Amino acid sequence: MRIQTSFSLKPTIADGTTGVMVVDEVKKELTLEARDAAIEEIAARLGVRAERGRRFAELTSLRVGGAIDWVISPVTEEQAATVVFALDQAGIAWRALGSGSNVLADDADHHYVVLSLKELKGEARFDGERVSVSAGYSLPRLCIDTGRRGLAGIEGLGGIPGTVGGALWMNAGAYGHEIGNVTETVRVAREGRVVEVPGHEVKWDYRHTSFREGELLLGATLLLSRDDPEKIGARMLEAKNKRLATQPHGGRSAGCFFKNPPGSSIGTGKMIDEMGMKGERRGGALVSPIHANFIVTEGEDAKAADALALAEEIRERFRREKGIELEYEVELWRAGQPDKSPEAEIEELESKTSQASAGESAGLQTPDSGLQTEEEEKR
Ligand code: EPU
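Read left to right, the sequence shown gives residues 0 to 378 (numbering that gives the first Met the number 0).
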């Protein structure tokens with residue numbers, strides 16, 4: 000039987016407002032059997048571990064989310080680059096996952112490959128004020144390593160329970176430090192090779208970068224500055240204490256769920272708190288009683304749908320009561336084919352254009368200009 004699958008070359012974040020990850024139009028139809036055989040062949044040829052039967056509930060800090068068709072775990076940057084190139088060439092969709100501490104994945108089955116970067120850690124390599132690390136390296140560990148060597152610039156990030164790759168992807172920040180500010184080069188997989196991209200060519204925005212879906216980040220070289228290890232340690236401790244006093248820790252969360260609204264002097268957490276929503280619950284998900292911008296999950300039966308329902312209720316109240324459209328800070332990983340992919344939008348626009356030109360309609364935007372405008376808006 001031919002099964003319509005939803006894998007594609009490049010999963011894409013198509014909607015900057017909702018943070019919803021959608022995948023490109025189906026580029027190539029494969030039966031699931033043919034796809035599985037291709038994955039097994041790639042894994043055997045490149046000597047990389049490929050597993051079935053894993054679930055997002057085991058791989059994300061919220062401990063919810065459905066089954067994953069395949070999890071592939073490269074151990075070196077070169078191997079990761081060749082794996083994604085082979086997957087791309089075979090038309091098999093993949094998404095990169097670090098420690099899963101900023102992802103809410105749907106409860107349904109996810110028919111794509113998760114490229115787990117947790118094994119891609121190696122050793123941190125120091126050279127003067129520079130440190131080079133791979134994407135799977137733990138961010139808290141890196142902060143400790145660098146602080147001890149008297150290298151300053153990331154001590155505020157010490158309590159973020161993520162990997163370096165995840166931190167680079169979203170320009171993680173806390174307590175006055177953002178990783179983009181100290182990134183000299185990022186190593187990216189291109190055409191099966193490891194390519195260095197200068198940090199200044201990357202757009203580092205608030206919890207967002209110019210990296211695109213389909214681009215795999217393999218590691219980075221950070222350029223830090225010299226300071227007294229004791230002073231760095233003291234600042235790290237100060238950030239840690241603030242975090243422990245104001246944020247839930249050790250629990251099932253994905254950090255702040257929403258971004259702070261641009262230009263607002265009050266943060267999202269404080270506003271949710273003032274709405275009296277701390278402790279509000281939907282099934283196994285609740286608004287943290289400690290910091291209201293954290294949604295935490297509880298119990299064996301907690302579902303991604305619970306967290307999403309609660310998040311959408313918060314967004315709806317912001318819309319209604321404050322006229323604010325809250326943006327997700329966590330990534331929402333959808334299991335199925337999206338309603339509309341960028342390619343589908345192009346097709347739709349093209350078909351509208353041809354219909355319009357057939358009817359001699361004037362003033363219709365070209366597909367390109369229409370999309371460009373939309374892209375601009377998303378940024
Ligand atoms: N506040 C409340 N109630 C709450 C939460 C906060 O009244 O439920 C008050 C606090 O007392 C404080 C103010 O709001 O006076 C700001 O709170 P906080 O210092 O926690 O800052 P935030 O804007 O809520 C941001 C980041 C955090 C980061 C902290 C510290 C975002 C969305 N959040 O939180 O990042 O750790 O600053 O730098 O930008 C994350 O990225 O996942 C994250 C948690």
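The beta carbon of each residue, even a glycine, is placed where N, CA and C say it ideally should be. Here the structure is a predicted model, which is why all the values come from computation and not from measurement.
If we ignore side chains and look at the alpha-carbon of each, how far apart do residue i and residue j end up?
{"i": "Glu347", "j": "Gly335", "result": "Confidence is the limiting factor: at Glu347 the pLDDT is only 45, short of 50, which leaves the residue's position unreliable, though a coordinate-based value still follows. Taking the straight line joining both Cα atoms gives about 20 Å."}
{"i": "Lys120", "j": "Pro160", "result": "15 Å"}
{"i": "Ala33", "j": "Asn170", "result": "37 Å"}
{"i": "Lys26", "j": "Glu50", "result": "The predicted model places Lys26 with a pLDDT of 46, which falls under 50 and marks its position as unreliable; any figure quoted below should be read in that light. When rounded, the distance between both Cα atoms is 24 Å."}
{"i": "Ile345", "j": "Arg211", "result": "Bear in mind that the predicted position of Ile345 carries a pLDDT of just 43, short of 50, making it unreliable; the figure below should be weighed with that in mind. Going from the Cα of Ile345 to the Cα of Arg211 covers about 18 Å."}
{"i": "Leu380", "j": "Arg225", "result": "Residue 380 is absent from the structure shown; the chain starts at 0 and stops at 378."}
{"i": "Gly175", "j": "Leu58", "result": "29 Å"}
{"i": "Met20", "j": "Val70", "result": "For Met20, the predicted structure reports a pLDDT of 42, less than 50, and the residue's modelled location is therefore unreliable. The matter cannot be settled from this model."}
{"i": "Pro341", "j": "Ala92", "result": "Confidence at Pro341 is low in this model, with a pLDDT of 40, below 50, so its placement is unreliable and no value can be given for it."}
{"i": "Cys142", "j": "Val82", "result": "29 Å"}
{"i": "Gln88", "j": "Asp144", "result": "38 Å"}
{"i": "Ile41", "j": "Val47", "result": "8 Å"}
{"i": "Gly146", "j": "Asp227", "result": "9 Å"}
{"i": "Asp23", "j": "Lys230", "result": "With a pLDDT of only 45 at Asp23, under the threshold of 50, the placement of this residue in the model should not be trusted, and no figure is reported."}
{"i": "Ala37", "j": "Arg318", "result": "46 Å"}
{"i": "Tyr205", "j": "Ser263", "result": "14 Å"}
{"i": "Arg186", "j": "Val194", "result": "5 Å"}
{"i": "Gly232", "j": "Val113", "result": "36 Å"}
{"i": "Gly15", "j": "Arg54", "result": "At Gly15 the pLDDT is 34, less than 50, meaning the model places this residue with poor confidence; the figure from the coordinates comes in the next sentence. Using only the alpha carbons, I get a separation of about 26 Å."}
Thinking residue i and residue j are a contact (beta carbons under 8 Å), I'd like their distance in whole angstroms, please.
{"i": "Asp68", "j": "Arg333", "result": "With 8 Å as the limit, Asp68 and Arg333 do not qualify as a contact, their Cβ atoms being about 14 Å apart."}
{"i": "Leu116", "j": "Gln78", "result": "At roughly 11 Å, the Cβ-Cβ gap does not stay under 8 Å, so Leu116 and Gln78 are not in contact."}
{"i": "Ile313", "j": "Ile271", "result": "6 Å"}
{"i": "Asp305", "j": "Gly283", "result": "5 Å"}
{"i": "Ala56", "j": "Asp108", "result": "Not quite, the Cβ-Cβ distance comes to about 12 Å (not below 8 Å), so this is no contact."}
{"i": "Leu217", "j": "Ala188", "result": "6 Å"}
{"i": "Phe293", "j": "Gly254", "result": "7 Å"}
{"i": "Pro139", "j": "Gly158", "result": "7 Å"}
{"i": "Ala238", "j": "Glu154", "result": "7 Å"}
{"i": "Pro260", "j": "Ile289", "result": "No, Pro260 and Ile289 are not in contact; Cβ-Cβ is about 21 Å, not under 8 Å."}
{"i": "Phe125", "j": "Arg148", "result": "6 Å"}
Would you list the residues sitting across from residue i in a DSSP beta bridge?
{"i": "Asp305", "result": "DSSP lists no partner for Asp305."}
{"i": "Asp126", "result": "Arg129"}
{"i": "Asp204", "result": "His207"}
{"i": "His176", "result": "Ala173"}
{"i": "Val193", "result": "Ala188"}
{"i": "Tyr393", "result": "Residue coverage of the chain in this structure runs from 0 to 378, which leaves residue 393 outside it and unanswerable."}
{"i": "His109", "result": "Ile67"}
{"i": "Arg225", "result": "Leu150"}
{"i": "Glu50", "result": "Val70"}
{"i": "Val286", "result": "Ile294"}
{"i": "Ser137", "result": "Thr162"}
{"i": "Arg281", "result": "Ala284"}
Between residue i and residue j, is the Cβ-Cβ spacing less than 8 Å?
{"i": "Glu444", "j": "Lys258", "result": "What is shown of the chain runs 0 to 378, which leaves residue 444 out entirely."}
{"i": "Ala303", "j": "Val63", "result": "yes"}
{"i": "Leu223", "j": "Glu128", "result": "yes"}
{"i": "Gly97", "j": "Gly164", "result": "yes"}
{"i": "Thr182", "j": "Ala219", "result": "yes"}
{"i": "Ala310", "j": "Phe256", "result": "yes"}
{"i": "Ser287", "j": "Ser60", "result": "no"}
{"i": "Gly191", "j": "Phe84", "result": "yes"}
{"i": "Thr267", "j": "Leu331", "result": "no"}
{"i": "Gly179", "j": "Gly198", "result": "yes"}
{"i": "Glu118", "j": "Val74", "result": "yes"}
- Item | By C-beta, the residues closer than 5 Å to any heavy atom of the ligand EPU, given in chain order | Those satisfying the condition are, in chain order, Ala173, Tyr174, Thr245, Gly254, Cys255, Asn259, Gly266, Gly268, Lys269, Asp272, His290, Ala291.
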